[in-house]
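Here is the structure we will look at, set down as structure tokens.
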């Protein structure tokens, strides 16, 4: 492209940046003005907070668009011209003509889908590459009939030159957005209007993650109501979330929560480790019934009478009394902890009647001693003391407490007496202990801790599991695993708010009310002072025409004006609320999710508006799936649609050819994605001795790093050998990252297969593939994942003979 053409485009791009600078400055000034405002009515303060959020969001959007503001131009057949960029920019005229069209707008769609065969009214498409604010390259595609003979047209690639520059660029340890190089099949999925569950199946390198994230940005742009509920993005691990963490902010979207499944129960850190076989059992759908049975077991009848100590006496609760109370508690649509309040009320009624009947059965002689007779029975001295404590008049002792002035029996205790007796019973340690045993207040944490620590509870709640499977679930309390989180969520749905939560919320409301009364009282005092101050300045009989605060507003309004409103973002509120309903949910590496995890996610999105991306050939988790239909139909019926990504932009032809045989063994029906580029570097394998592997791996890593340039390299190792092999690599390459949460921005990182899911690197070395294969029933899936992480070069080091899955790779010395 000629320098003069670049200069002309530079002039326009510079104009765009000047306009963005103006708009950013305006938004910043309005944000500062809104922050300076205070006082006013509650409505005014809420409006101020909304303005603060709105202008802060605008500033963030302008900042996010700084790099790559404008990346394309469409020259239309009718003579029109559109510039395409990260955000929409308009001039300052009354009409507000567009200077730059947001990539998500309908008018920008031809930039991603127009071809020579279907030009969409486009004569020429120009890709504009910038560095900072300067244009460094222009690449034109003329979409006319002659372009049908072009190779790119045959392959269906849009902006092939720009695309290949992007995919061949060195990795940085952070995922970049692909808004400049989206391809037609990706764009179609991003803009899909499907309102149910959209499943995107795609092999390695097809851009599944990028499509999911850009779809989130597109939905937030086109359906602004989603900003009120937010979008949840679920990834496989914390390393992956950090890897993709800059994409959506870079696209100007912040109303998004990024989380693992293990992070979706507020207040719980799921860091405890457990065997894969245990996690697989916890992921089964049958565990929903196990949790429900565990709750029912905590409501079970005692199997006989219950004796309850109360003072010096013993009360007796019959099993029939328990059953009637339980039936009443469970007669409505209430959860366990709400039902407990009804149950406690019913049992206290039974016990109150029992104590009252005992008290009312006492007849005293003239000396105040209890008498036998009249069928009322006899109680001890402790009951007499209780009678007096309950308020029975002392002067009536020795008379028949059941006779009124007409000689007719009458009750000894009135409603106030019975209420006091009920409160005393409720406060009695023996009564409290019995109620907690009969129908305990339960948190999800306590329910599962008790269940997994007690073989008898497990046997009762999970009769469908084998004894060996129940044995795998047994453990001592202390910490939670990621597989526990869906079970905790399931339990929370059945238990409801516990007494401590209800008490805390009631206390919070009471504190708020008390603070409100104090604020009003203080405001009233301020107004009284202002009135008194005015009166002291006036002569007797003189009236002032000067208005004071007391003439203009009351104490409540003055207190309202001083109230501070704290604004939290949608993402902050959603992340802290287990019951938050998101507007849309995106799940990456979705093939790894268990059936119980899917139940949790469906509760997070009652509308079932979801985008699910994954590859069933890469399923490594024992609780994961090999069929989208099997996992989704029980949850959403026919409200899901499958879309396919078929083009591999990341993984070169040489590497995909090396992995093709392995893919065929996983599922012959799966078609490998078509790679669009070659590197000329075939994958290689190297035989080592078992004892030599650490040293040779370290040497090969150092050699590869030296030739890597500015790119990134991963060494993928078996889980069981991570510490050993990572230590060897770190000795040869100081600064190499490894561990539970490795830094992907380091030049070299040592990972397990699970940690490598969804990531990409310029170069990859795989150590001991036989151990990866043997470590899991889905070892072949894991090896397929490892083989397809590289964008340029791949090497395999195997102790002893090579596994058949890598035997066709080029041997090297």
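In my numbering, the protein residues as written are 30 to 842. Ideal placement from N, C-alpha and C gives every residue a C-beta, glycine not left out.
Where residue i falls: helix, strand or coil (DSSP)
{"i": "residue 112", "result": "strand"}
{"i": "residue 376", "result": "helix"}
{"i": "residue 686", "result": "helix"}
{"i": "residue 183", "result": "Only weak support is given to the placement of residue 183: the predicted model assigns it a pLDDT of 42, under 50, and the question is left unresolved by the model."}
{"i": "residue 231", "result": "strand"}
{"i": "residue 609", "result": "coil"}
{"i": "residue 678", "result": "coil"}
{"i": "residue 288", "result": "strand"}
{"i": "residue 742", "result": "strand"}
{"i": "residue 278", "result": "helix"}
{"i": "residue 715", "result": "strand"}
{"i": "residue 673", "result": "strand"}
{"i": "residue 132", "result": "coil"}
{"i": "residue 283", "result": "coil"}
{"i": "residue 127", "result": "strand"}
{"i": "residue 204", "result": "coil"}
{"i": "residue 838", "result": "coil"}
{"i": "residue 704", "result": "strand"}
Check whether residue i and residue j have beta carbons under 8 Å apart
{"i": "residue 643", "j": "residue 215", "result": "no"}
{"i": "residue 88", "j": "residue 53", "result": "yes"}
{"i": "residue 633", "j": "residue 225", "result": "no"}
{"i": "residue 238", "j": "residue 617", "result": "yes"}
{"i": "residue 861", "j": "residue 46", "result": "The chain is shown from 30 up to 842; residue 861 falls before or after that span and cannot be answered."}
{"i": "residue 442", "j": "residue 389", "result": "yes"}
{"i": "residue 208", "j": "residue 90", "result": "no"}
{"i": "residue 680", "j": "residue 704", "result": "yes"}
{"i": "residue 747", "j": "residue 836", "result": "no"}
{"i": "residue 645", "j": "residue 620", "result": "yes"}
{"i": "residue 249", "j": "residue 255", "result": "yes"}
{"i": "residue 3", "j": "residue 259", "result": "Since the displayed the chain opens at 30 and closes at 842, residue 3 lies outside it and no answer follows."}
{"i": "residue 345", "j": "residue 331", "result": "no"}
{"i": "residue 81", "j": "residue 820", "result": "no"}
{"i": "residue 172", "j": "residue 143", "result": "yes"}
{"i": "residue 750", "j": "residue 721", "result": "no"}
{"i": "residue 113", "j": "residue 140", "result": "yes"}
Exposure of residue i, with buried meaning 16 or more beta-carbon neighbours within 10 Å
{"i": "residue 709", "result": "exposed"}
{"i": "residue 833", "result": "exposed"}
{"i": "residue 434", "result": "At residue 434, the pLDDT of 47 sits below 50, so the modelled position is not reliable and the matter cannot be decided from this model."}
{"i": "residue 822", "result": "buried"}
{"i": "residue 40", "result": "exposed"}
{"i": "residue 465", "result": "exposed"}
{"i": "residue 245", "result": "buried"}
{"i": "residue 56", "result": "buried"}
{"i": "residue 83", "result": "exposed"}
{"i": "residue 156", "result": "buried"}
{"i": "residue 733", "result": "buried"}
{"i": "residue 212", "result": "buried"}
{"i": "residue 624", "result": "buried"}
Residue(s) in a DSSP beta bridge with residue i
{"i": "residue 197", "result": "Looking at the DSSP assignment, residue 197 forms no beta bridge with any residue, so it has no partner."}
{"i": "residue 327", "result": "The partner list for residue 327 (beta bridge, DSSP) is empty, contrary to what the question assumes."}
{"i": "residue 169", "result": "155"}
{"i": "residue 342", "result": "339"}
{"i": "residue 793", "result": "743 and 823"}
{"i": "residue 104", "result": "110 and 153"}
{"i": "residue 828", "result": "717"}
{"i": "residue 468", "result": "Note: residue 468 sits in no beta bridge, so no partner."}
Alpha carbon of residue i to alpha carbon of residue j, nearest angstrom
{"i": "residue 369", "j": "residue 799", "result": "55 Å"}
{"i": "residue 714", "j": "residue 365", "result": "59 Å"}
{"i": "residue 432", "j": "residue 381", "result": "For residue 432, the pLDDT reaches just 46, beneath the cut-off of 50, and the residue's location in the model is therefore unreliable, although a value from the coordinates is still provided. For residue 432 and residue 381, the distance between alpha carbons rounds to 22 Å."}
{"i": "residue 458", "j": "residue 265", "result": "48 Å"}
{"i": "residue 740", "j": "residue 788", "result": "14 Å"}
{"i": "residue 668", "j": "residue 801", "result": "37 Å"}
{"i": "residue 489", "j": "residue 325", "result": "10 Å"}
{"i": "residue 811", "j": "residue 818", "result": "11 Å"}
{"i": "residue 460", "j": "residue 361", "result": "25 Å"}
{"i": "residue 726", "j": "residue 772", "result": "20 Å"}
{"i": "residue 257", "j": "residue 638", "result": "15 Å"}
{"i": "residue 678", "j": "residue 815", "result": "17 Å"}
{"i": "residue 227", "j": "residue 640", "result": "5 Å"}
{"i": "residue 826", "j": "residue 301", "result": "32 Å"}
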